[in-house]
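Residue numbering for the sequence shown follows the UniProt record's numbering, beginning at 1 and increasing consecutively. The beta-carbon is built from N, C-alpha and C at its ideal position, and this holds for glycine as well. See below for the structure under consideration.
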Amino acid sequence: MPEIVTAAMLVIGDEILSGRTKDKNIGHLADIMTAIGIDLKEVRIVPDEEDEIVAAVNALRTRYTYVFTTGGIGPTHDDITADAIAKAFGVPCEYDAKAYAMLEASYAARGIEYTEARKRMARMPRGADHIDNPVSIAPGFRIGNVHVMAGVPAIFQAMLDNVVPTLKAGTRMLSATVHCPFGEGLVGGPLGDIQKAHPDTIIGSYPKYGDGKFWTELVVRARSQEALDAAHADVEAMVAGLASAAT
1 MPEIVTAAML VIGDEILSGR TKDKNIGHLA DIMTAIGIDL KEVRIVPDEE
51 DEIVAAVNAL RTRYTYVFTT GGIGPTHDDI TADAIAKAFG VPCEYDAKAY
101 AMLEASYAAR GIEYTEARKR MARMPRGADH IDNPVSIAPG FRIGNVHVMA
151 GVPAIFQAML DNVVPTLKAG TRMLSATVHC PFGEGLVGGP LGDIQKAHPD
201 TIIGSYPKYG DGKFWTELVV RARSQEALDA AHADVEAMVA GLASAAT
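Written as structure tokens, this is what we have:
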């Protein structure tokens with residue numbers, strides 16, 4: 001049987017919910033997860049509130065193989081992700097000696113004061129492992145199945161590059177697309193019947209509009225070529241039958 005590996009993403013930050021910052025990390029994570037055969041099943045966005053973060057982390061980490069968080073690990077007072085993750089796991093949040101030394105050396109080399117605010121970026125739950133940050137030094141961390149990363153897209157992407165090789169990949173989803181010149185209202189019924197006949201597939205219907213006409217893009221997905229081919233053939237036959245009836 002195909003191995004199914006799942007993931008969820010937790011986006012943390014008032015600035016995302018207010019619209020002041022436009023998220024660019026969800027799509028990138030989805031692309032990477034799809035490429036390595038991991039199903040991104042859920043995305044949640046929560047404010048910079050400890051109880052909300054704790055509740056979301058505990059809900060997601062018990063349900064999915066992996067959880068990825070972004071945001072809230074910087075130097076300011078509202079960067080509380082490390083504290084919240086520690087609370088979710090029931091461990092202290094404290095200065096990590098390796099992270100502290102790395103940041104201290106980095107600021108010293110640049111002649112910049114290592115302030116109390118900057119030291120906050122060296123705090124993480126006891127027992128957490130580093131996620132290297134080749135962009136700005138301050139590491140993310142991993143505890144249990146939760147990967148905690150920065151919200152800045154360039155840093156998030158660099159951290160994720162270091163995380164991916166450590167993940168257990170699943171069986172990749174295969175896909176096939178069928179162009180349908182008819183709207184969803186006409187194909188909805190027969191497409192539902194095809195989906196019931198092929199429970200090992202996922203059939204999506206995506207309405208399109210162009211040149212004054214509605215049409216539909218039908219996408220069949222499956223983890224086995226055999227299942228994909230069988231459902232794909234039925235979808236193509238359905239479209240051909242509708243086209244024949246329309247002439």
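(message) Which residue marks the beginning of the beta strand (DSSP E) containing Val156, and which one marks its end?
(response) Note on residue identity: the sequence assigns Phe, not Val, to residue 156. Where Phe156 is concerned, there is no enclosing beta strand (DSSP E), although the alpha helix (DSSP H) it sits in stretches over Pro153 to Val163.
(message) Could you check whether Met159 and Pro137 sit closer than 9 Å to each other, using their CB atoms as the reference points?
(response) Reading the sequence as shown, one finds Ile at residue 137 and not Pro. No, the Cβ-Cβ distance between Ile137 and Met159 is not below 9 Å.
(message) Less than 6 Å between C-beta atoms, sequence neighbours within five positions excluded: which residues of the same chain meet that for Ile26?
(response) Once the five neighbours on either side are set aside, the close Cβ partners of Ile26 are Val43.
(message) For Ser66, count the other beta carbons within 10 Å of its own beta carbon; 16 or more makes it buried, fewer makes it exposed. Which is it?
(response) Note that residue 66 is Tyr in the sequence shown, not Ser. It counts as buried.
(request) Find the nearest neighbour of Asp229 within the set Ile203, Leu10 and Lys213, judged by alpha-carbon distance. (result) Taking only the C-alpha atoms, the option nearest Asp229 is Ile203.
(message) In the DSSP output, what is Ala8 paired with across the bridge?
(response) BP columns for Ala8 point to Glu42 and Val67.
(request) Quickly, what does DSSP pair Lys213 with across the bridge? List them, please. (result) Residue pairing by DSSP places Lys213 opposite Gly210 in a beta bridge.
(message) Which of the three DSSP states is assigned to Glu49 in this structure?
(response) Look at Glu49 here: in three-state DSSP terms it is coil, with no helix or strand label.
(request) State buried or exposed for Ala35, treating a residue as buried only when at least 16 other CB atoms are found within 10 Å of its CB. (result) Exposed, by the Cβ-count rule.
(message) Suppose the cutoff is 6 Å on Cβ atoms and the five residues either side in sequence are ignored; what does the same chain contact list for Asp78 look like?
(response) Cβ neighbours of Asp78 beyond the five flanking positions: Asp48.
(message) Let's test the definition: count the other Cβ atoms within 10 Å of the Cβ of Asp96 and tell me whether it reaches 16, buried, or not, exposed.
(response) Under this definition Asp96 is a buried residue.
(request) Look up Ala108 in the DSSP assignment and give the residues it is bridged to. (result) Note: Ala108 sits in no beta bridge, so no partner.
(message) Since Val5 and Lys168 should fall inside the 8 Å C-beta cutoff, what is the C-beta to C-beta distance between them, to a whole number of angstroms?
(response) In this structure Val5 touches Lys168 by the C-beta definition: roughly 6 Å separates them, less than 8 Å.
(request) Measure from the alpha carbon of Gly210 to the alpha carbon of each residue in Pro181, Gly188 and Asp200, then state which is nearest. (result) Per the Cα distances, Pro181.
(request) Taking only the alpha-carbon atoms, compute the straight-line gap between Leu10 and Gly241 and give it to the nearest angstrom. (result) If I take the Cα positions, the gap works out to 44 Å.
(message) Given this structure, state the Cα-to-Cα distance separating Pro207 from Met173, to the nearest angstrom.
(response) Going by the C-alpha atoms only, they are around 22 Å apart.
(request) Take every Cβ of the region 114-133, pair it with every Cβ of the region 86-102, and state whether three or more of those distances are shorter than 8 Å. (result) Cβ pair count under 8 Å is three or more, so yes.
(request) Take His232 and list the residues in its own chain whose beta-carbon comes closer than 8 Å to its own, dropping the five residues that flank it on each side. (result) Taken in chain order, the residues that qualify are Ala176, Val178 and Val220.
(message) If you reduce the DSSP assignment to three classes, tell me which class Val230 lands in.
(response) This sequence places Ala at residue 230; Val is not what is there. Correct three-state label for Ala230: helix.
(request) Can you tell me which of the three DSSP states Val220 falls into? (result) Three-state result, Val220: strand.
(request) Below 7 Å CB to CB, which residues in the same chain sit around Asn145 once its five sequence neighbours on both sides are set aside? (result) Here the set comprises Arg61, Thr65, Tyr66 and Val67.
(message) Which residue wins for smallest C-alpha separation from Glu50, given the options Gly183, Gly71 and Ala30?
(response) Out of Gly183, Gly71 and Ala30, the CA that lies nearest to the CA of Glu50 is found in Gly71.
(request) Pull up the distance between the alpha-carbon of Asn58 and that of Glu15, whole angstroms please. (result) If you take the alpha carbons of Asn58 and Glu15, they lie about 23 Å apart.
(request) Reducing DSSP to helix, strand and coil, say where Tyr114 ends up. (result) Three-state result, Tyr114: coil.
(request) Leaving aside the five residues before and after Leu191 along the sequence, list all residues of the same chain whose C-beta is less than 8 Å from its C-beta, in chain order. (result) Exclusion of the five residues before and after Leu191 leaves Ile203, Ser205, Leu218, Val235 and Met238 as the residues of its chain whose Cβ lies within less than 8 Å of its Cβ.
(request) Please check the pair Ile32 and Thr69, which I expect to be a contact at CB under 8 Å, by giving their CB distance rounded to whole angstroms. (result) Contact flag wrong, Cβ pair sits at about 15 Å.
(request) Identify every residue that forms a DSSP beta bridge with Val187. (result) Answer by DSSP bridge pairing: none, since Val187 is not bridged.
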